[in-house]
Amino acid sequence: MIMSDLVTGVLSGLALGTCVTYPLALWLTRNLSGGSLPPHRRERRARAELDAFFARQDP
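All letters in the sequence shown, in the order written, are residues 2 to 60 by our numbering.
Structure below.
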């Protein structure tokens, strides 16, 4: 009985700690890096493809 309560308490503490700490870490990272995180790899690739496509169209 005591062991199951201990395990339940530890697991709920880990879950609650993760749910609170992870968004807080993301928020701090975003605010300390000047307000925005660098774009994802997919977004960078898409922007490069669009820039290359439209650069070829302009005379």
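Just so it is clear, CB atoms sit at the ideal spot from N, CA and C, and this is done for glycine as well.
Bear in mind that the values here come from a model prediction, so they are computed numbers and not experimental data.
Asked	Found
Alpha-carbon to alpha-carbon, G14 and M4	15 Å
Delimiting residues of the alpha helix (DSSP H) encompassing M2	No alpha helix (DSSP H) holds M2; DSSP gives it neither H nor E.
Heavy atom of the ligand GTP within 7 Å of T22 beta-carbon	Absence of the ligand GTP is noted for the structure shown, with no ligands found whatsoever.
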